[in-house]
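In our numbering, the protein residues as written are 50 to 983.
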């Protein structure tokens with residue numbers, strides 16, 4: 050229980066001070082913060098996770114809402130121009146410099162523009178002081194030193210157009226119809242950050258400079274620096290670097306950010322031929338309650354308990370065979386800086402929007418009439434207590450980017466940031482006193498009759514009736530008159546495990562000292578690999594995996610086999626239904642999720658150290674007592690029926706299906722789920738396949754990584770893993786299903802969609818052996834090609850927003866491995882771009898990459914490895930792979946030597962070997978209608 054949980058910590062800490070509701074929430078004392086004479090604020094914090102890294106941010110309180118009518122899209126274009134010439138970096142130099150020190154565009158060097166702000170982000174290594182200085186210089190250039198030359202502006206315009214193009218589709222068409230309703234009579238509906246294509250293409254450079262000079266002012270800005278740094282030195286460096294900034298134009302009046310409330314209910318029903326699911330939501334706007342007092346924090350806690358309870362109810366309703374929706378959720382949110390919302394939404398079967406809305410409204414009426422129950426509130430508080438327990442436990446292991454986000458929110462949105470120590474003490478005091486009655490009373494304020502908006506969307510197709518605005522108004526009236534009864538909150542009376550299994554024994558034990566892994570052989574044949582770490586204080590990750598998977602099912606049963614674990618997950622475990630299981634485990638941060646992949650099957654999970662026994666109990670039940678709930682099968686089929694009903698409507702989905710078909714030569718494992726396959730699903734076959742895969746524990750290897758001690762883990766592993774039923778002998782192995790990449794070059798064209806948007810994927814047969822050096826070569830080669838193509842197709846030609854290059858393999862299955870090159874572009878440019886990609890590959894085969902490009906790829910790999918090596922996810926994944934393929938775990942530690950061995954000559958041979966132009970496929974997506982750029 051929550052009270053017990055809180056009391057335990059109270060015994061080990063000084064007594065928490067009493068919090069007065071009117072107390073101001075202080076700012077985090079661990080942060081150095083001040084305002085420079087020019088008005089710029091800064092926030093600096095020392096934090097050692099990840100080690101040798103710093104997160105640098107520049108926030109500007111100016112976004113698309115600050116644009117004049119003839120500047121729409123220029124705030125975003127200026128953000129792009131930050132990388133195209135400034136006082137200290139020539140055009141293109143910033144990308145190149147940061148890549149040379151291991152920071153890649155996207156994950157480490159990035160920026161975004163929203164309605165209200167623009168933020169520049171750098172995540173850099175700190176083991177070279179020059180790099181940190183360059184990072185601050187780059188942000189200072191963003192703040193006031195952009196060149197904004199006509200030549201570079203004209204080169205970047207088409208890149209922004211390509212970013213705009215990527216957003217086109219059903220979702221953008223729906224957005225364009227809903228935003229004027231959602232942001233009724235406000236500027237937000239008229240100022241999408243992506244802007245207007247005509248303005249992006251044609252705005253005079255002086256209009257960009259005018260926006261930059263007017264709104265990029267020091268008193269609109271903040272610099273954030275969090276990381277493995279000397280905080281005092283960083284503070285001084287920020288002062289030195291940013292103090293010279295001055296305002297370059299007179300201050301302008303701030304834009305009107307108000308989103309007016311309204312008495313009448315606004316309704317919008319929109320259909321689109323490319324939508325694949327029907328949905329409906331009702332939201333109510335209210336003035337934003339962005340307070341900074343203890344009472345405001347308590348209000349937010351109450352709202353979060355409300356969100357949790359309603360979502361729990363909706364989840365339970367969704368799992369009923371007679372559910373009126375496929376899925377539903379509710380929550381408090383923020384629409385703008387002046388308006389908060391409470392939203393209830395659902396996805397429905399086609400033609401069932403009115404039923405779905407009625408079901409939402411009836412639950413809303415139930416909340417108004419009867420409120421929440423004490424048992425529901427108890428679970429919500431236990432859930433929230435667990436969240437804060439984990440955050441507090443991890444307070445010295447929090448990641449720098451998360452702190453940076455928090456300080457940005459404080460600066461941009463005035464969101465309190467007192468630090469987890471303060472929040473934890475505050476929650477300890479406030480949470481136990483929150484009652485169901487208090488939440489019920491607040492619910493009435495969230496569900497008022499004013500400022501309501503109803504939004505519904507549906508596929509546009511024959512034979513399916515779409516409700517009118519008036520129809521939905523009528524549903525609201527009918528629901529308001531419906532008599533409801535109180536929610537019946539049922540809970541299971543049994544525990545997760547009614548009886549304790551007889552523990553197995555440890556038959557053998559050995560230690561791999563270099564990687565810190567203890568390997569056990571258990572009496573039932575399971576091999577267990579245990580690696581304690583100090584990367585996180587409150588995280589344990591584990592997997593129980595065996596070779597086999599859906600490859601062991603005959604092709605005729607492949608769909609049943611591949612969906613078996615989804616059915617079991619919906620059905621619960623250990624004699625408990627899924628909803629009962631969820632309620633029983635509330636307050637415990639545990640998971641144990643069964644999976645079936647093509648060549649392996651098992652259970653993957655996580656927990657805290659305190660909850661590890663519960664997590665292993667859940668794993669035990671997933672293995673020995675999978676759920677067998679007939680209702681779950683009906684629910685699953687209803688969900689799948691809705692999913693496949695419109696599968697041919699999404700151009701991207703059709704494109705993806707064609708790509709899979711081409712690159713596997715039409716293999717049965719790559720064929721899409723269809724209505725016929727859903728109709729043919731056999732519950733008994735699915736359960737039988739699951740039970741056959743989880744019948745013999747000796748087939749499995751258990752791997753656990755995280756915050757545990759070996760001596761504490763051994764009895765738990767023996768009890769719950771060593772006791773799993775077993776024949777004592779390994780018998781399972783995967784079956785070669787005969788995947789095969791085409792033997793010759795192929796080109797396929799998909800014609801679908803109505804927007805001026807094209808996509809292409811070029812694939813080259815590459816199926817390297819399971820060898821760490823060979824795999825490393827491919828990693829660096831794909832990075833080199835991605836950077837090279839970005840420089841050509843984006844920076845030089847302006848024909849795409851980005852290019853992705855990566856290796857795709859279905860290991861241990863062989864025969865279909867390939868390297869993919871993906872990009873989006875204007876339809877008329879696709880063919881020429883594919884030719885240019887082939888030209889670049891031929892050049893790399895003939896000449897090899899430059900030393901500089903090779904070193905950029907190598908440094909990216911080094912830095913990525915350096916950070917990953919300190920995470921539990923990385924170690925679990927690598928140990929799984931090494932165990933599955935019989936490799937030596939020591940190769941995890943020798944990757945730096947493999948990276949060092951990469952040279953331009955090595956990569957030239959890789960391009961010759963793994964980019965066969967006579968065994969390549971090109972699949973393109975082109976629009977069905979010749980719609981012009983709008």
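Idealized CB from N, CA, C, for every residue including glycine.
All values reported here derive from a predicted model rather than from experimental measurement.
If we count the other Cβ atoms within 10 Å of its Cβ and call it buried at 16 or more, is residue i buried or exposed?
| i | result |
| --- | --- |
| residue 266 | buried |
| residue 605 | exposed |
| residue 56 | Legend: pLDDT at residue 56 = 33, less than 50; position of this residue unreliable, no value from coordinates given. |
| residue 969 | buried |
| residue 598 | buried |
| residue 385 | buried |
| residue 161 | exposed |
| residue 52 | In this prediction, residue 52 has a pLDDT of 32, which is less than 50 and means its spatial position is unreliable; what the coordinates show is noted afterwards. With fewer than 16 other Cβ atoms within 10 Å, it is exposed. |
| residue 742 | buried |
| residue 717 | exposed |
| residue 650 | buried |
| residue 67 | exposed |
| residue 874 | buried |
| residue 806 | buried |
| residue 134 | buried |
Could you give the distance in angstroms between the alpha-carbon of residue i and the alpha-carbon of residue j?
| i | j | result |
| --- | --- | --- |
| residue 964 | residue 310 | 59 angstroms |
| residue 490 | residue 367 | 26 angstroms |
| residue 54 | residue 840 | Note that residue 54 has pLDDT 34, beneath the 50 cutoff, so the model's placement of it is unreliable and no number is given. |
| residue 693 | residue 858 | 27 angstroms |
| residue 804 | residue 357 | 39 angstroms |
| residue 507 | residue 375 | 14 angstroms |
| residue 60 | residue 431 | Low local confidence applies: a pLDDT of 32 at residue 60 is under 50, so the model's placement there is unreliable, and no value is given. |
| residue 220 | residue 696 | 16 angstroms |
| residue 350 | residue 342 | 13 angstroms |
| residue 494 | residue 336 | 12 angstroms |
| residue 404 | residue 381 | 23 angstroms |
| residue 261 | residue 128 | 10 angstroms |
| residue 364 | residue 498 | 26 angstroms |
| residue 446 | residue 439 | 11 angstroms |
| residue 622 | residue 362 | 20 angstroms |
| residue 50 | residue 908 | Low confidence applies here, because residue 50 scores a pLDDT of 30, under 50, leaving its location unreliable; read the following figure in that light. The alpha-carbon atoms of residue 50 and residue 908 are separated by roughly 49 angstroms. |
| residue 223 | residue 939 | 53 angstroms |
| residue 329 | residue 231 | 14 angstroms |
| residue 306 | residue 292 | 30 angstroms |
Candidates the options: which alpha carbon is nearest residue i's?
| i | options | result |
| --- | --- | --- |
| residue 257 | 118, 268, 148 | 118 |
| residue 761 | 579, 601, 142 | 579 |
| residue 98 | 202, 426, 275, 742 | 275 |
| residue 886 | 122, 791, 834 | 834 |
| residue 788 | 555, 713, 752 | 713 |
| residue 558 | 547, 564, 549, 570 | 570 |
| residue 798 | 879, 683, 390 | 879 |
| residue 86 | 205, 213, 207, 289 | 289 |
Look at the Cβ atom of residue i, then the Cβ atom of residue j, and state whether they are nearer than 9 angstroms.
| i | j | result |
| --- | --- | --- |
| residue 153 | residue 333 | no |
| residue 932 | residue 771 | no |
| residue 846 | residue 934 | no |
| residue 254 | residue 210 | no |
| residue 581 | residue 826 | no |
| residue 273 | residue 105 | yes |
| residue 691 | residue 326 | yes |
| residue 176 | residue 157 | no |
| residue 617 | residue 675 | yes |
| residue 585 | residue 434 | no |
| residue 644 | residue 536 | no |
Could you give the C-beta distance for residue i and residue j, rounded to a whole number, given that I count them as a contact under 8 angstroms?
| i | j | result |
| --- | --- | --- |
| residue 452 | residue 94 | 6 angstroms |
| residue 615 | residue 685 | 7 angstroms |
| residue 951 | residue 903 | 7 angstroms |
| residue 107 | residue 192 | 6 angstroms |
| residue 640 | residue 654 | 5 angstroms |
| residue 566 | residue 410 | With 8 angstroms as the limit, residue 566 and residue 410 do not qualify as a contact, their Cβ atoms being about 55 angstroms apart. |
| residue 515 | residue 320 | 5 angstroms |
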